[in-house]
Each structure stands twice: as C-alpha cells, then as structure tokens.
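To start, the structure itself, in structure tokens.
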Amino acid sequence: MTQDQTQNLIPLLERIAGALERLAPPVAPPLDLSADAYVWDPQPPRLIPVKNVNRLEIELLQGIDRSRDTLLENTRHFAKGYAANNALLWGARGMGKSSLVKSVHAQVSAEAPETPLKLVEIHREDINTLPDLMNTIRDRPERFIFFCDDLSFDADDTSYKSLKAALEGGVEGRPRNVIFYATSNRRHLLPRDMIENEHSTAINPSEAVQEKVSLSDRFGLWLGFHHCDQTQYLAMVRAYVEHFGIAMPEEEWRPQALEWATTRGSRSGRVAWQFIQDLAGRTGQSLG
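Under the numbering used here, the first residue of the sequence shown is numbered 3, with each subsequent residue one higher.
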C-alpha cells in the first residue's frame, strides 16, 4: 500500500473508531462513598449521593415503639458486623415505615460505629438490577442498608424472583456487608388475588402458593404497622408542637387536629405531620 493510500484510509479509520466509542457502554464514574445516603441509578451504574436526607428525628416517631426498638437493635447488630436480618416493614399507610428506616440509619450512624454505615435507596423498578448493585459494593469495607420504599409486585411481574435470589439465594448469596430493608402495604408483597388464583388453578396448589409467599420469608423481621387511635394521634401532634416550638396552647390546637383527621378520614403519623405543616404555616412559622 502506497503512502497516499494510507493517508486516504486515516479519515475512514477515525470514523470507525468514533463509531465504536459511541457504541461502547459509558464508563462508570469512580465510586465516591463520602456521603451517608445514596440513590442507586443503574444506567449507567452509579450511586448518586443524597446531600440532605428527608427524615425526622427518631424521638418524633410516636406509637411505633416496639417496631422502632426492634429495628434499632437489628441495625446496631449489623453495623457492628454481627448477624442481622433483612426487615420488611408492612401495614397501614402513613404510619412511619419509611421514616423509621431513615431515622434508624441516622441514629445508628450517629453512634459512630467502627465501620461507616451507608443507606442506599433502590427504586422498585430497578429491583432486577440488585445483582449489579451488590457486585459494585461487595468488596467494600463499608456496610450498606439497601432500602426499597413501597415494595410490591403486580400479577404479571416476575422481578420478584430476582429479589428472592438476591436476598437469600444464588451461588454467591447476599454480601456480608449488605442488609435489605423494605416497606410495603402488603405483608406478602404480592396481590391476594394472584395468590388465590394460583391456589385455584395450579396442578399442585400448595406448591404454587408457596412459590408466591416465599418472597416474604426472605425477610427475617416482619414489623407490622397499624392504624393509630385518637390518643396516639394526638401524642404525635403534641410531639411535633413541642419539638418545633409552635406557640399555641393545646386546648386550641387539639380540636383543630381532631377536625383535620376527620376531614382526612384517618389518623396516622402522616396525617399528624400534614396538620403540623398547615398549623405552622397559619402561624407564620417554618419547620426547618
């Protein structure tokens, strides 16, 4: 090949090289674990730091003392490198399930464990990428709480099988530096009619049902959250009023709080918090 022919090939080769670079998957950025909390983004695989975590102080979570103490103890064991269980926080909406996970993480992290404790939120639609996330942090010295809020599966969704394998299964199994906390309104994470249909149509109904409910069995801790009564609801409101220093006597805010719950048709920690936001706004106060 002559020199002129070689020179003519250079632009073509450069175009081919550029096309191959565009087709290649993006290079994952270096892993930065200087923050306390992250959100998992599978495309491209990376942990996005969360500068300001939306959470409450653990003392403000009223009416869930038993669940709070159980999850705190389990998380402390995990932070110290001891055996600990995956946890499923299930039950009534608005009763502080996700708030408890974030507050427990903050509390245990503040106790300065020898090994840093990181909170990583994984979205429901990214559950099938759990193996990639585990491989990303498997050999890291830090310890990680994987957190999925409002976890549930539809009847035609098979990604729950990936979660089963990631929690307690597969050849490698769950890394020793990982624990999984999830919240859900369902105890068994799958629709009841899905389980019942399996029971009525399967050749071996008991085996089909066991396949569906075995996902929840991967969680060693089941922490139930139930609707609160009026006394607990008012205790939640009172704790917020005192914590934020809202200048209004109880005999004035109490009937307003009861009316607020009546108009919402329920009593819960979320309803109490929404009332406090309204009350603070009407009194010209920022909750910080």
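Yeah, the Cβ is synthetic: ideal placement off N, Cα and C, and Gly gets one too. Predicted model only: the values in this text are computed from it and were never measured.
Exercise for the section: Within the stretch 251-275, note down every full beta strand (DSSP E) run reaching 3 residues or more, in order along the chain. Expected result: none
Problem - Candidates ASN130, HIS79, ARG70, of which the one nearest GLN45 by Cα - result: In the sequence shown, counting from the first residue as 1, residue 45 sits at position 43. Per the Cα distances, ASN130.
Exercise for the section: Return yes when the Cβ of PRO47 is within less than 8 angstroms of the Cβ of ASP141, no when it is not. Expected result: Your numbering for residue 141 matches position 139 in the sequence shown. Your numbering for residue 47 matches position 45 in the sequence shown. No; because the gap between Cβ atoms is not below 8 angstroms, this pair is not in contact.
Problem - Assigned exposure category for GLU123 - 16 Cβ within 10 Å defines buried - result: Position 121 of the sequence shown, counted from the first residue, corresponds to residue 123. So GLU123 counts as buried.
Problem - Secondary structure of VAL243, DSSP reduced to three states - result: Along the sequence shown, read from residue 1 onward, the residue named residue 243 stands at position 241. VAL243 falls in the helix class under three-state DSSP.
Handout entry: Strand pairing of ILE181, partner residues [DSSP]
Key = For this step, residue 181 is matched to residue 179 along the sequence shown. DSSP lists ILE147 as partners of ILE181.
Problem - Beta carbon of SER154 nearer than 8 angstroms to that of SER186 - result: In the sequence shown, the residue the question calls residue 154 occupies position 152. In the sequence shown, the residue the question calls residue 186 occupies position 184. Cβ distance < 8 angstroms, so SER154 and SER186 count as in contact.
Practice task
Please classify GLY1: does DSSP put it in a helix, a strand, or coil?
Solution key: The requested residue 1 does not occur in the structure, where the chain is confined to residues 3 to 290.
Exercise for the section: Report the three-state DSSP secondary structure of SER69 (helix, strand or coil). Expected result: Along the sequence shown, one-based indexing puts residue 69 at 67. If DSSP states are grouped into helix, strand and coil, SER69 belongs with the helices.
Problem - Nearest-angstrom Cα separation, counted from VAL110 out to TYR235 - result: Position 233 of the sequence shown holds residue 235. Position 108 of the sequence shown holds residue 110. Approximately 27 angstroms, taken between the alpha carbons.
Problem - Run of the beta strand (DSSP E) containing LYS293, from where it starts to where it stops - result: Residue 293 is absent from the model: the chain starts at 3 and stops at 290.
Practice task
Would you check if the distance between the CB atom of LYS120 and the CB atom of TYR183 is smaller than 8 angstroms?
Solution key: As a position in the sequence shown, residue 120 is number 118, starting the count at 1. As a position in the sequence shown, residue 183 is number 181, starting the count at 1. No, the pair does not count as a contact, with Cβ atoms beyond the cut-off.
Handout entry: Distance CB(THR72)-CB(LEU225) smaller than 8 angstroms
Key = Sequence index remark: in the sequence shown, residue 72 carries index 70 (1-based). Sequence index remark: in the sequence shown, residue 225 carries index 223 (1-based). Against a cut-off of 8 angstroms, the Cβ pair of LEU225 and THR72 comes out as a contact.
Handout entry: Exposure label - SER288; buried when at least 16 CB within 10 Å
Key = Taking the sequence shown and counting its residues from 1, the one referred to as residue 288 is at position 286. Per the 10 Å Cβ criterion, exposed.
Exercise for the section: Report the three-state DSSP secondary structure of VAL110 (helix, strand or coil). Expected result: If you number the sequence shown from 1, residue 110 lands on position 108. Helix at VAL110.
Handout entry: Secondary structure of GLU198, DSSP reduced to three states
Key = If you number the sequence shown from 1, residue 198 lands on position 196. Reliability fails at GLU198, whose pLDDT of 49 lies under 50, so the model's placement of it is uncertain and the value that follows must be treated cautiously. In this structure, GLU198 counts as helix in the three-state DSSP scheme.
Handout entry: ALA263 burial status per 10 Å Cβ neighbour count (16 or more: buried)
Key = Residue mapping note: residue 263 aligns to position 261 of the sequence shown, counting from 1. Classification of ALA263: buried, given that the 10 Å Cβ count is 16 or more.
Practice task
With ALA89 as the anchor, note down where its beta strand (DSSP E) starts and where it stops.
Solution key: By one-based count along the sequence shown, residue 89 stands at place 87. 89-93 is the span of the beta strand (DSSP E), which, as asked, contains ALA89.
Handout entry: Collapsed DSSP secondary structure at ILE12 in the structure displayed
Key = Within the sequence shown, numbered from 1, the residue matching residue 12 stands at position 10. Three-state DSSP puts ILE12 in a helix.
Handout entry: Where ARG48 sits in the DSSP three-state scheme
Key = Mapped onto the sequence shown, residue 48 falls at position 46. DSSP places ARG48 in strand when its eight states are reduced to three.
Handout entry: Proximity winner among ILE50, ILE181, ILE147, HIS229, relative to VAL273 (alpha-carbon distances)
Key = Counted from its first residue, the sequence shown places residue 273 at position 271. If we check each option's Cα against that of VAL273, HIS229 comes out closest.
Practice task
Report all residues from its chain with a CB closer than 6 angstroms to the CB of SER270; omit the five preceding and five following residues, and keep chain order.
Solution key: In the sequence shown, counting from the first residue as 1, residue 270 sits at position 268. So the qualifying residues of the chain are GLY96, MET97.
Exercise for the section: Kindly indicate the opening and closing residues of the alpha helix (DSSP H) around ASP156. Expected result: Position 154 of the sequence shown, counted from the first residue, corresponds to residue 156. No alpha helix (DSSP H) contains ASP156, which DSSP labels as neither H nor E.
Exercise for the section: Measuring alpha carbon to alpha carbon, tell me which of ARG266, TYR84, SER69 ends up nearest SER101. Expected result: Sequence index remark: in the sequence shown, residue 101 carries index 99 (1-based). When only C-alpha atoms are compared, the closest one is SER69.
Practice task
For the alpha helix (DSSP H) holding ASN137, just list the boundary residues, first then last.
Solution key: Taking the first residue of the sequence shown as 1, we reach residue 137 at position 135. 132-139 is the extent of the alpha helix (DSSP H) around ASN137.
Problem - Alpha carbon of ASN54 to alpha carbon of ALA112, nearest angstrom - result: As a working note, residue 54 is residue 52 in the sequence shown. As a working note, residue 112 is residue 110 in the sequence shown. Each residue's alpha carbon lies about 15 angstroms from the other.
Exercise for the section: Between the Cα of LYS82 and those of THR117, LEU62, ILE50, spot the shortest distance and give me the residue it belongs to. Expected result: Translated into positions along the sequence shown, residue 82 becomes position 80. Comparing Cα-Cα distances from LYS82 to each of THR117, LEU62, ILE50, the minimum goes to THR117.
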